[in-house]
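For the record, the sequence lines run as chains A and B.
Okay, so the first sequence: first residue is 1 according to the working numbering, each after it adds one.
Okay, so the second sequence: first residue is 1 according to the working numbering, each after it adds one.
Ideal Cβ positions, reconstructed from N, Cα and C, are used throughout, including at glycine.
Remarks on the structure that follows.
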Amino acid sequence: MNAASASPSASALFLPPSGAPTEAEASRFLAQAGFAATPVDIVRVQTLGMAGWLDEQFDAPRSLSHFDWLISKGFDKAKFRNGFAGVDATLWRKFIGSPDALRQRVVLALSEIFVISMAGLPVAWRGFAVAAYVDMLETKAFGSFRGLLEGVTLSCGMGVYLNMRGNQKGDPRTGRLPDENYAREVMQLFTIGLQQLGPDGRPRTDDTGPLDSYDQGDVSELAKVFTGWNFDGASATSPEFMRRPMTHSANRFAVGPKRALHVAIAATADGPTALGIALDTLADHPNVGPFIGRQLIQRLVCSDPSPAYVRRVAEVFADNGRGERGDLRAVLRAILLDPEAREPAPGPATGKLREPMLRFIQWARTVGLKSPNELWNVGSLADPAKRLGQSPLRSPSVFNFFRPGYVPPNTDLGKLGVTAPEFQLCNETSVAGYLNFMQGVINNGIGELKPDYTADLGLANDASALVERYALLLAANALSVHSKDVITDAVATIAARSDAGRRNRIRAATLLVMATPEYLIQQ
Amino acid sequence: MHIGKTKQMQRREFLRRASALGLAGAAAPWALNLAAIGEAAAAGSAGGYKALVCVFLYGGNDHGNTLVPYDPASHAAYQAIRQTLATPREQLAATLLNPRLALPDGRQMALAPELGRLKTIFDAGQLGVLMNVGTLVQPTTLAQYKAQSVPLPPKLFSHNDQQSVWQASGGEGATSGWGGRLGDRFLQSNGNALFSCVNVAGNAVFMAGQQAVQYQMSPAGAVQIDGISKPLFGSQACADALRSLITAPRSHPMENELNRVVARSIGAQGIVSGALSSLPPLTTPFDTGNSLAMQLQMVARMIGARASLGVSRQVFFVSIGGFDLHDLLLAQHPGLLGSVGDALASFYQATQELGVADQVTSFTASDFGRTLTSNGDGSDHGWGSHHFVLGGAVKGGRMWGTLPSVSVNGPDDVGQGRLLPTTSVDHLGASLASWMGVSATELPLVMPQIVNYTTQDLGLFTA
Chain A
1 MNAASASPSA
11 SALFLPPSGA
21 PTEAEASRFL
31 AQAGFAATPV
41 DIVRVQTLGM
51 AGWLDEQFDA
61 PRSLSHFDWL
71 ISKGFDKAKF
81 RNGFAGVDAT
91 LWRKFIGSPD
101 ALRQRVVLAL
111 SEIFVISMAG
121 LPVAWRGFAV
131 AAYVDMLETK
141 AFGSFRGLLE
151 GVTLSCGMGV
161 YLNMRGNQKG
171 DPRTGRLPDE
181 NYAREVMQLF
191 TIGLQQLGPD
201 GRPRTDDTGP
211 LDSYDQGDVS
221 ELAKVFTGWN
231 FDGASATSPE
241 FMRRPMTHSA
251 NRFAVGPKRA
261 LHVAIAATAD
271 GPTALGIALD
281 TLADHPNVGP
291 FIGRQLIQRL
301 VCSDPSPAYV
311 RRVAEVFADN
321 GRGERGDLRA
331 VLRAILLDPE
341 AREPAPGPAT
351 GKLREPMLRF
361 IQWARTVGLK
371 SPNELWNVGS
381 LADPAKRLGQ
391 SPLRSPSVFN
401 FFRPGYVPPN
411 TDLGKLGVTA
421 PEFQLCNETS
431 VAGYLNFMQG
441 VINNGIGELK
451 PDYTADLGLA
461 NDASALVERY
471 ALLLAANALS
481 VHSKDVITDA
491 VATIAARSDA
501 GRRNRIRAAT
511 LLVMATPEYL
521 IQQ
Chain B
1 MHIGKTKQMQ
11 RREFLRRASA
21 LGLAGAAAPW
31 ALNLAAIGEA
41 AAAGSAGGYK
51 ALVCVFLYGG
61 NDHGNTLVPY
71 DPASHAAYQA
81 IRQTLATPRE
91 QLAATLLNPR
101 LALPDGRQMA
111 LAPELGRLKT
121 IFDAGQLGVL
131 MNVGTLVQPT
141 TLAQYKAQSV
151 PLPPKLFSHN
161 DQQSVWQASG
171 GEGATSGWGG
181 RLGDRFLQSN
191 GNALFSCVNV
201 AGNAVFMAGQ
211 QAVQYQMSPA
221 GAVQIDGISK
231 PLFGSQACAD
241 ALRSLITAPR
251 SHPMENELNR
261 VVARSIGAQG
271 IVSGALSSLP
281 PLTTPFDTGN
291 SLAMQLQMVA
301 RMIGARASLG
311 VSRQVFFVSI
321 GGFDLHDLLL
331 AQHPGLLGSV
341 GDALASFYQA
351 TQELGVADQV
361 TSFTASDFGR
371 TLTSNGDGSD
381 HGWGSHHFVL
391 GGAVKGGRMW
401 GTLPSVSVNG
411 PDDVGQGRLL
421 PTTSVDHLGA
431 SLASWMGVSA
441 TELPLVMPQI
451 VNYTTQDLGL
461 FTA
């Protein structure tokens, strides 16, 4: 086949069909479209082809919802009402353990674009607000963008996080005005962005510079549209309302004519109708395809996609081939099967720094980490000095862990103008925190989740084969010959006479692969 | 305080640093010049040290409830506009400010009740309030704003962009900030250039210079990489392999940048940990439950270690989030302000303990101010805001700048009580830079837009 055939086959008995992806190609694809590449996953991609694997994953059954899992574990007791007990656990349960890898990966990506965070949800049943929100993302991830946008907008979690819940009409007597937060951020972050974009995602300009997408007047107008919404039957004793969309109260809805951008909304339109017009207007805006498309590419494939790549994805966003706009399945297919994703030209902007939480999830899936008592007690990994500096649904703000336009200052990347969002988390503390944390979990797991290296004990007798295997599974065989030699020579110094020694070989090989820059920069 | 130990410490430090540098090796392109470290350590201990500390309040601090109108007419106007958000006048009596230069028209202002410790420092003359400061490109009148007839900062009212404009005079994607550009001026005189710009919060563009690189550390200190510090899974060869893999120069720019950060981390950790461990502990109490206080405690400790770190000019960055209070302003803002006030006051006290109060200036900054109007439970994104400047060299007990009127659709209002700034961040930055020793001719290198203004120095400092 190619160089990958030099590595130990994922399954010695499996003969891939002709034209099938190599093991390395399959592993590389799986790291983009899912989290990890186990030997079984690699064979599946080789058997079905990448497009076929995506189709299978689009229709994969869903595992127990976060909301129901929390209830099943008793987290709906009143004493948990003002905390996030169980939320990290159920998030890890699915990100590490759920077989629908593509869906989980896309949910995590969406949670970094349509951000809510445990760092800011001051409401009773806050844990269930997060659970319901992530369940909603799961439900909408492979549907239409318009459906996703409505799910986000009317979710209790977002309602609390960006304050649309409880937003009420202005009061001329007191001077009170509608809350502008959701109106502003739904435009800036969730749909159209600040600048008018061309179809390839590059800003439109005129003589005066970049052209803004909207102004403060547009924000104030849209804030009026987003009045009148609140929880559907809030309860102190049951979190059930948290998974219902917010409902509308006409008496708190702003009176008079309104508008969403250039689209007039008649004074006679009721709250849900006005909201529908506003969301239609935003979802139909020509910015959405390139704006959201580019960010999805960044989450799944690379940090600085070419304008042509963005354009191809935006074209599919505009029309899935059947005249439908915003078909997220088609958009995800376009992103993951694009030539720039599959065979990127080598260059300074190729690839991305793997997100710290994705490295951990990948490792956990690769070693088949289990939680024997379903505790999933990994906890928050947000501390950069002791853990990863990043943990699902724990962004410091609605601006995510990093900005899509981040250019690392004082670097060659900066000189080249390369956007590299993940580098916003990369500093002297977090690089050390990552290596220390991974050394700990590779050694002995975390919480009750303990890696079982038994299956690889035989392989560990051959340091070279061991390193080849982890280089294939974790790094899609992207390690240089030199790096593999350095690792192999070092691992071979650990005596393999006992299982303890063989385990240490596995641990050392894993950590060293996950420390190499060829691994950390996913190309 | 630790002067008696200096000679012995310097020798020990030198040896340890030499070994730390050997470890970082050729993969550390940043300037860690051994001879210069020795010289700068001497310079640092001989005096002449200065440090600037930026305390960033992420989310846009509600200035309306931070510095509150107090005279009866102004408070009544404030109460009428803010409605339920207003702080009752009787709660403000203890924190009423009596500035050494009275405000015009009999106006009086009070600090939020939670800022009592700052009021004490204000009264002692080491803290002042800069009123209605914000991002501008040039002096701008309300008429010019409305006519859009002068250049305005990009993306007003947007968090990430206005954070960036405050810190770097440009929107998201800007690659150098004025803290970093200030650091650039001192790279040569600091024996150890890496510690010119020290960030105890997360990465911030404020701290990136044209050359200066921000050194990021945790509130608990520099983090050692365990896997290279002792045998890895029982194997010294594996520890050596790890060190080589994570520090070697690479040809791919992302890989190379990653390894540059790791190499810096390793080299600096040995120096920082050694320098901090040789200091006596601070006796000034810091609230361990206050993350900003913990960051500032580490800044104080780093300042205490300035001689062994080989620095004579430093810029520090710390931050606290949670200020974007569209909702729950009354429930959450007082606690946040209390954290800021306590952390700043403890930090100032620590600089007194270290004998460097006159050599350290801290100041607050934030994305923007907020609307004076209420949305029922909070306030929305604004522009100009009030900020604190604090330190022994500050000509404090004063309120600088122009006090805005308490009104909606007033002379400084761009809508809903959003303040058009009457003092620019450029002014603030230039004044702070001048105090740090940047010459008038070099000020535009730090604050390029300062050339757009006639008055350049705000007179924040004694002599």
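At a CB distance below 7 Å, what residues from the region 204 to 222 of chain A approach chain B? Give them in sequence order. Residues passing the 7 Å Cβ filter: Q216.
Residue range of the beta strand (DSSP E) that includes B/L127: Its beta strand (DSSP E) spans residues L127 to G134.
Any idea what DSSP makes of B/N259, helix, strand or coil? Helix at B/N259.
Chain-ordered chain A contacts of B/K155 [CB-CB under 7 Å]: Within chain A, L194 have C-beta atoms less than 7 Å from the C-beta of B/K155, given in sequence order.
Sort B/K395, B/T402, B/Q163 and B/S339 by Cα distance to B/L115 and report the nearest one. For B/L115, the closest C-alpha among the options B/K395, B/T402, B/Q163 and B/S339 is that of B/S339.
Please state whether DSSP places A/P396 in a helix, a strand or coil. A/P396 carries a coil assignment under DSSP once its states are collapsed to helix, strand and coil.
With distances taken Cα to Cα, identify the nearest neighbour of A/S117 among A/E180, A/D59 and A/A129. Ranking the options by Cα distance to A/S117, first place goes to A/A129.
Using the Cα positions of B/F317 and B/T454, report the straight-line distance between them to the nearest angstrom. Those two C-alpha atoms are separated by around 29 Å.
Extent of the continuous alpha helix (DSSP H) to which A/N443 belongs: Start and end: E428 to N444.
Evaluate A/R365 with the Cβ neighbour count: other Cβ atoms within 10 Å of its Cβ, from every protein chain shown; 16 or more gives buried, anything less gives exposed. Around the Cβ of A/R365, a 10 Å sphere holds 16 or more other Cβ atoms; the residue is buried.
When you compare each of A/A500, A/Q195 and A/P199 to A/T205 by their alpha carbons, which one comes out closest? When only C-alpha atoms are compared, the closest one is A/Q195.
Through-space distance from B/A275 to B/F14, alpha-carbon basis: Any answer about B/F14 is weak, because its pLDDT of 39 lies below 50 and its placement is not dependable; what the coordinates show is given next. Roughly 11 Å separates the two Cα atoms.
By the criterion of Cβ-Cβ separation under 7 Å, what are the contact partners of A/N461 in chain B? By Cβ distance, chain B contributes nothing, its closest Cβ being about 16 Å from A/N461, past 7 Å.
Runs of beta strand (DSSP E) lying entirely within the region 268 to 321 of chain A, each at least 3 residues, in chain order: If we require 3 residues or more, the region 268 to 321 of chain A turns out to have no beta strand (DSSP E) run fully inside it.
Taking the CB atoms as reference points, tell me whether B/M254 and A/K352 lie closer together than 9 Å. It is a contact, given that the beta carbons lie within the stated cut-off.
So is A/N504 buried or exposed if we call it buried at 16+ other beta carbons inside 10 Å? By the neighbour-count rule (16 or more Cβ atoms within 10 Å), A/N504 is buried.
Between the region 196 to 208 of chain B and the region 160 to 171 of chain B, do three or more beta carbon pairs fall short of 8 Å? Verdict: yes, contact present.
Under a three-way DSSP split, which group does B/I225 fall into? DSSP places B/I225 in coil when its eight states are reduced to three.
Of all Cβ atoms in chain A, is any one closer than 9 Å to the Cβ of B/E90? Contact of B/E90 with chain A is not assigned, every C-beta pair being separated by 9 Å or more.
Just mark B/A263 as buried or exposed, buried being the case when its beta carbon has 16 or more other beta carbons within 10 Å. Counting C-beta atoms within 10 angstroms of its own C-beta, B/A263 has 16 or more neighbours from the protein chains shown and is therefore classed as buried.
Cut-off 7 Å between Cβ atoms - residues of its own chain near A/E374, not counting five sequence neighbours on either side: If you ignore the 5 residues before and after A/E374, its C-beta comes within less than 7 Å of no other C-beta in its own chain.
Thinking C-alpha only, which one of A/K77, A/R62 and A/Q46 is nearest A/P99? Ranking the options by Cα distance to A/P99, first place goes to A/R62.
When burial is assigned at 16 or more other CB atoms within 10 Å of the CB, is A/R28 buried or exposed? Buried, by the Cβ-count rule.
Looking at the unbroken beta strand (DSSP E) that takes in B/P69, where does it start and where does it end? Residues L67 to P69.
For A/R103, which residues in chain B fall below 8 Å Cβ to Cβ? Below the 8 Å Cβ cutoff, chain B contributes no neighbours of A/R103, its closest Cβ being approximately 28 Å away.
Taking C-alpha atoms, which residue in A/A318, A/F58, A/R176 and A/F241 lies nearest to A/G157? Out of A/A318, A/F58, A/R176 and A/F241, A/F241 has the C-alpha closest to the C-alpha of A/G157.
Between the Cα of B/V53 and those of B/P231, B/M302, B/P113 and B/N409, spot the shortest distance and give me the residue it belongs to. Of the listed residues, the one whose Cα sits closest to B/V53 is B/M302.
Just list the residues that DSSP pairs A/P203 with in beta bridges. DSSP output for A/P203 lists A/L197 as bridge partner(s).
Jot down the residue ranges of each uninterrupted alpha helix (DSSP H) in the region 99 to 178 of chain B, minimum 4 residues, whole runs only, in chain order. Fully enclosed alpha helix (DSSP H) runs of 4 or longer: 116 to 123, 142 to 147 and 159 to 168.
Taking Cβ to Cβ, would you say B/G369 is nearer than 9 Å to B/G382? B/G382 is positioned such that its CB atom lies closer than 9 Å to that of B/G369.
What residues of chain B sit near A/G228, judged by a beta carbon separation below 8 Å? Near A/G228 there are no residues of chain B at all, since even the closest Cβ is about 12 Å away, more than 8 Å.
Is there a C-beta anywhere in chain B that falls below 9 Å from the one on A/Q32? Taking Cβ atoms only, chain B never reaches closer than 9 Å to A/Q32, which makes this a no.
Please name the residue in A/P245, A/G228, A/F80 and A/V431 whose C-alpha comes closest to that of A/D270. Nearest of A/P245, A/G228, A/F80 and A/V431 to A/D270, Cα basis: A/G228.
Which residue spans inside the region 158 to 246 of chain A form an unbroken alpha helix (DSSP H) run of at least 4? Secondary structure in the region 158 to 246 of chain A: the alpha helix (DSSP H) runs of 4 residues or longer, each lying completely within the stretch, are 181 to 188 and 216 to 225 in chain order.
Run through chain B and tell me which residues come within less than 7 Å of A/F399, C-beta to C-beta. Near A/F399 (Cβ distances below 7 Å), the residues of chain B are H159 and N160.
Burial state of A/R288 (16 or more Cβ within 10 Å): In the sequence as presented, Arg is not what sits at residue 288 of chain A; that position holds Val. So A/V288 ends up on the buried side.
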